[in-house]
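Numbering (our numbering), first residue to last: 909 to 1091.
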């Protein structure tokens, strides 16, 4: 029941943010082309401080109260929050540091579509924008969510870069699952 409330709250928050942005005169990006059918909604929230960076946004939306660089959330969550190797609605996807992500990245899971596909809502994947329901696919060899690709809004296609992932941090009250000892 807690997970359903969190899911409803996340979707309500996203809808409220989208409505506020549209009411403020900021246009949402969308396309009718069939190859863009999976395109996420994206809005720019000029006055919302939490929307400017992924960490404060994920903290505000998920309720996971961690601070510091996104990649550091995984270690900081140990002993404070349950962690999982599989996505759950409301959990926080934590990407590792890489040549493309100097500080990592965090995103909140808004929907689990299949065992290898999720939708996330996150900030600053595209500079100072919140992207709702952004497709993310698991491209790891073992289907263990250790490597992902993320939709890239400027090209309206699935990104080609593969990003290493720590796992998923679950908000308080969600049961944990464990990943193999390789982490």
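Just so it is clear, CB atoms sit at the ideal spot from N, CA and C, and this is done for glycine as well.
Buried/exposed call for residue i, threshold 16 Cβ in 10 Å
| i | result |
| --- | --- |
| residue 1040 | buried |
| residue 983 | exposed |
| residue 1062 | exposed |
| residue 1074 | buried |
| residue 974 | buried |
| residue 999 | buried |
| residue 992 | buried |
| residue 1065 | exposed |
Backbone secondary structure at residue i - three-state DSSP
| i | result |
| --- | --- |
| residue 982 | helix |
| residue 992 | strand |
| residue 968 | helix |
| residue 1034 | coil |
| residue 963 | helix |
| residue 1011 | coil |
| residue 977 | coil |
| residue 930 | Unreliable placement is indicated for residue 930, whose pLDDT of 32 sits below 50; no coordinate value is reported for it. |
| residue 936 | Annotation note: pLDDT 31 at residue 936 (below 50); position unreliable, coordinate value reported separately. DSSP places residue 936 in coil when its eight states are reduced to three. |
Bridge-paired residues (DSSP) for residue i
| i | result |
| --- | --- |
| residue 1019 | 1027 |
| residue 1059 | 1066 |
| residue 1075 | 1002 |
| residue 1041 | Beta-bridge pairing links residue 1041 to no other residue. |
Candidates the options, of which the one nearest residue i by Cα
| i | options | result |
| --- | --- | --- |
| residue 1033 | 1076, 1013, 1066 and 1081 | 1013 |
| residue 995 | 988, 1004 and 1019 | 1019 |
| residue 1022 | 1009, 1053 and 1015 | 1053 |
| residue 970 | 1008, 993, 1002 and 1055 | 1002 |
| residue 1028 | 1016, 978, 1071 and 965 | 1016 |
| residue 1005 | 989, 979, 1060 and 990 | 979 |
| residue 1025 | 961, 1038, 963 and 1044 | 1044 |
| residue 1069 | 1050, 997, 1080 and 1008 | 1008 |
| residue 963 | 988, 989, 985 and 1030 | 1030 |
| residue 1081 | 972, 1055, 961 and 977 | 972 |
| residue 977 | 997, 1010, 1051 and 987 | 1010 |
| residue 1102 | 986, 1048, 1046 and 1060 | What is shown of the chain runs 909 to 1091, which leaves residue 1102 out entirely. |
| residue 1048 | 989, 990, 987 and 1071 | 1071 |
Boundaries of the beta strand (DSSP E) in which residue i is found, first to last residue
| i | result |
| --- | --- |
| residue 1052 | Where residue 1052 is concerned, there is no enclosing beta strand (DSSP E), given that its DSSP letter is neither H nor E. |
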